Amino acid sequence: MAKPELSAGESPCELKTVQPPSGKLPLIVDFQSVTKTYEAGTRKSFTSIHNVTFAVEDLPKVGEFIGILGPSGCGKSTVLRLIAGLAPQFPATSGVVLVNGKPVEAPGPDRGFVFQDYANFPHRTVLENVAFGLECAQVSVKERHERAREWIKKVGLDPLKDAGKYPHQLSGGMNQRVAIARSLIMHPKIILMDEPFGALDPGTRERMQDLLVTLWKELEATVFFVTHDVPEAVYLGDRVFIFSPSPGTIKHQLHVAPPDRPARQMQAEPTFLDSVRQVRALLDELESPIDNGNGVNVTS
Ligand SMILES: Nc1ncnc2c1ncn2[C@@H]1O[C@H](COP(=O)(O)OP(=O)(O)OP(=O)(O)O)[C@@H](O)[C@H]1O
Ligand SMILES: [Mg+2]
Numbered sequence: 002m003a004k005p006e007l008s009a010g011e012s013p014c015e016l017k018t019v020q021p022p023s024g025k026l027p028l029i030v031d032f033q034s035v036t037k038t039y040e041a042g043t044r045k046s047f048t049s050i051h052n053v054t055f056a057v058e059d060l061p062k063v064g065e066f067i068g069i070l071g072p073s074g075c076g077k078s079t080v081l082r083l084i085a086g087l088a089p090q091f092p093a094t095s096g097v098v099l100v101n102g103k104p105v106e107a108p109g110p111d112r113g114f115v116f117q118d119y120a121n122f123p124h125r126t127v128l129e130n131v132a133f134g135l136e137c138a139q140v141s142v143k144e145r146h147e148r149a150r151e152w153i154k155k156v157g158l159d160p161l162k163d164a165g166k167y168p169h170q171l172s173g174g175m176n177q178r179v180a181i182a183r184s185l186i187m188h189p190k191i192i193l194m195d196e197p198f199g200a201l202d203p204g205t206r207e208r209m210q211d212l213l214v215t216l217w218k219e220l221e222a223t224v225f226f227v228t229h230d231v232p233e234a235v236y237l238g239d240r241v242f243i244f245s246p247s248p249g250t251i252k253h254q255l256h257v258a259p260p261d262r263p264a265r266q267m268q269a270e271p272t273f274l275d276s277v278r279q280v281r282a283l284l285d286e287l288e289s290p291i292d293n294g295n296g297v298n299v300t301s
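In short: position in the sequence shown from 1, add 1, done, that's my numbering.
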């Protein structure tokens, strides 16, 4: 992994505004003025995101980790689903969504999706769930089961004890480990995660954050990670997007310190807590109603 391993304290948790891409590197994801309007031209017309523009460079041997924050309904899932090519959010109404320089046309194995509700197949065992993508790619039974066992181990489950279990026999944390293995076994270049740890207790969540950092460094993938948890976004992200309320647009793009030490350690550091406070203040500013002088509150 080309990413430098910094020791604790070498990389303070200061926030820096992201500069536009240098133009020297290809872009892995490029949004140009992307707007999504449902039932356009009717009385029910509703715009969920408006003029969303950002670019993520394809850094050689290093994937960037992007945390996405914003109020409920601002279009965070919409952005992920547009990258994935998933209807009805896909296609966009206007603007351009490029992945690896090409317009997105459909879902593909280069983009893995991990949902909040795990979305494992209930009638498949852990092994069969994890091997699903390889099965679709017609990899032989022997090879796909071997690779699935490796991934079951990588996500911290026991290939001997857990491979034959069904999703209803697993805890939430275990189910999410299966969902992560199912997605990452395909080695996607882009990993899309929509509040994947939202339903987990704080201890399990910290362990999953550490696991995700380890796997992300190994895969060198670009990750888009939606969360409502500010410390989680600041910890995991290299970069944090802060969306405005609906119709969502990116109000801030910030660089934050990379997760180069364990979640529990880094999240207790004063500089980290200071970054979290600053990001929360930016979010509160966007969400708080403004008095327009006539005693009527409007949302900024
Ligand atoms: N098929 C649809 N038809 C009409 N409106 C939709 C459709 N899908 C989503 N929306 C609306 O688009 C807006 C953005 O939705 P989205 O799911 O992207 O928000 P979000 O930021 O992910 O919210 P949350 O944090 O609650 O998950 C919401 O107001 C939602 O109701
Ligand atoms: Mg959502």
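Positions of the beta carbon are idealized from the N, C-alpha and C atoms, including for glycine. Keep in mind that this is a model prediction, so the values were computed, not measured.
Cβ shell of residue i (< 8 Å), same chain only, five flanking positions each side left out
| i | result |
| --- | --- |
| residue 45 | 39 |
heavy atom of ligand 2 below 7 Å from residue i C-beta
| i | result |
| --- | --- |
| residue 77 | yes |
| residue 227 | yes |
| residue 118 | no |
| residue 275 | no |
| residue 230 | no |
Cβ-based neighbour list, residue i, same chain, cut-off 6 Å, excluding 5 preceding and 5 following
| i | result |
| --- | --- |
| residue 104 | none |
| residue 68 | 226, 234, 237, 238 and 241 |
| residue 122 | 130 |
Three-way DSSP call (helix, strand, coil) for residue i in this model
| i | result |
| --- | --- |
| residue 271 | helix |
| residue 53 | strand |
| residue 33 | strand |
| residue 6 | With a pLDDT of only 40 at residue 6, under 50, the local geometry of the prediction cannot be trusted, and the value read off the model is given with reservation. Coil. |
| residue 133 | helix |
| residue 22 | coil |
| residue 77 | helix |
| residue 64 | coil |
| residue 300 | Because the pLDDT of residue 300 is 41, which lies under 50, any placement of that residue in the model is unreliable, and the question is left without a value. |
| residue 99 | strand |
Beta-bridge pairing of residue i - partner residues as DSSP gives them
| i | result |
| --- | --- |
| residue 223 | 191 |
| residue 285 | Per DSSP, none; premise fails for residue 285. |
| residue 113 | 192 |
| residue 69 | 227 and 242 |
| residue 47 | 39 |
| residue 251 | 244 |
Neighbourhood of residue i by C-beta distance below 7 Å, restricted to the same chain and skipping five residues each side
| i | result |
| --- | --- |
| residue 52 | 34, 36 and 250 |
| residue 65 | 57, 223, 239 and 240 |
| residue 59 | 26, 27, 28 and 29 |
| residue 296 | At residue 296 the pLDDT is 40, less than 50, meaning the model places this residue with poor confidence; the figure from the coordinates comes in the next sentence. Answer for residue 296: no residue qualifies. |
| residue 164 | 126, 127, 128, 150 and 153 |
Cβ-heavy atom distance, residue i to ligand 1, below 7 Å
| i | result |
| --- | --- |
| residue 247 | yes |
| residue 39 | yes |
| residue 89 | yes |
| residue 34 | no |
| residue 133 | no |
| residue 199 | no |
C-beta neighbour in chain C for residue i, strict 8 Å
| i | result |
| --- | --- |
| residue 241 | Absence of chain C from the displayed structure is noted, only one protein chain being present. |
Contact between the stretch 146-162 and the stretch 184-193: three or more CB pairs below 8 Å? yes
Does the stretch 90-105 come close enough to the stretch 150-168 that 3 or more CB-CB pairs lie under 8 Å? no
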